[in-house]
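Structure first, then comments.
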Amino acid sequence: MSDPTAAAAASPVAFATTLDARVLRHDPQWGLSTLFFGDGELRVPMVAAPVDTGVRVTIDARDVAVALTRPMDVSITNRLPGTIVTVERLAAPYARITFDLGTTRLDALVTWESVERLALEPGLKAWAMIKSVAIGNEAVRPADLPTPRRWPVVGSPDRAPR
Numbered sequence: 001m002s003d004p005t006a007a008a009a010a011s012p013v014a015f016a017t018t019l020d021a022r023v024l025r026h027d028p029q030w031g032l033s034t035l036f037f038g039d040g041e042l043r044v045p046m047v048a049a050p051v052d053t054g055v056r057v058t059i060d061a062r063d064v065a066v067a068l069t070r071p072m073d074v075s076i077t078n079r080l081p082g083t084i085v086t087v088e089r090l091a092a093p094y095a096r097i098t099f100d101l102g103t104t105r106l107d108a109l110v111t112w113e114s115v116e117r118l119a120l121e122p123g124l125k126a127w128a129m130i131k132s133v134a135i136g137n138e139a140v141r142p143a144d145l146p147t148p149r150r151w152p153v154v155g156s157p158d159r160a161p162r
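Using UniProt numbering, you'd call the opening residue of the sequence shown number 1 and step up by one each time.
Right, here's the structure in full:
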């Protein structure tokens, strides 16, 4: 008879979402920084990057929880509304849930049991929750921010004719 715990340990499931963000502020009182990305803000342990600089954040899918209603009285600070776009059953007991947050796709790793209990399916509005402490220093690295495109000026040679 085979040992199911040995099989599970031999094949870990790992997914992550990487996104670019801008440092908005540091809150030394709490030891936290606030990062802005295209679809919201993240509170993370204090990052060693100046305000208004770019960082790249990696969020492990196993650190993302799912809620069907707006989470209120919970210790998880990062709560992002979105729509579930895929539910993928993986090797037992795992399922990969992909959220559409607007311009960002975020993966969550949950169990088959949670998929069934919460009736998770594509099209369902839900909340992705990420613990601040799950986004440690190793998950936030400096990154270049994209340069905003220049707006054409009337009479400028860069302005395309209509």
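All C-beta atoms in this analysis are idealised placements derived from N, C-alpha and C, irrespective of residue type, glycine included.
Among residues of its own chain, excluding the 5 on either side of residue i, which ones have a beta-carbon nearer than 6 Å to its beta-carbon?
i, result
"G40", "L80"
With DSSP collapsed to three states, give me the class of residue i.
i, result
"W127", "strand"
"S75", "coil"
"R70", "coil"
"D63", "helix"
"E88", "strand"
"A48", "coil"
"A119", "coil"
"A134", "helix"
"S139", "The displayed chain sequence assigns Ala, not Ser, to residue 139. Of the three classes helix, strand and coil, the one that applies to A139 here is helix, per DSSP."
Buried or exposed: residue i, going by 16 or more other Cβ atoms within 10 Å of its Cβ?
i, result
"S33", "buried"
"T17", "buried"
"N78", "buried"
"A119", "exposed"
Report all residues from its chain with a CB closer than 8 Å to the CB of residue i; omit the five preceding and five following residues, and keep chain order.
i, result
"Y94", "V13, L109, V110, T111 and W112"
"P28", "M46"
"R89", "A95, W112 and V115"
Which whole-angstrom value is the C-beta distance of residue i and residue j, which I expect to be below 8 Å?
i, j, result
"L106", "V64", "6 Å"
"A143", "V55", "6 Å"
"V115", "V87", "6 Å"
"M129", "A67", "6 Å"
"T83", "G123", "7 Å"
"G102", "G38", "7 Å"
The beta strand (DSSP E) that contains residue i, what's its start and end?
i, result
"E41", "G40 to P45"
"V110", "R105 to T111"
Which same chain residues end up closer than 7 Å to residue i when comparing Cβ atoms and leaving out the 5 residues on each side of it in sequence?
i, result
"P71", "R79, W127 and M129"
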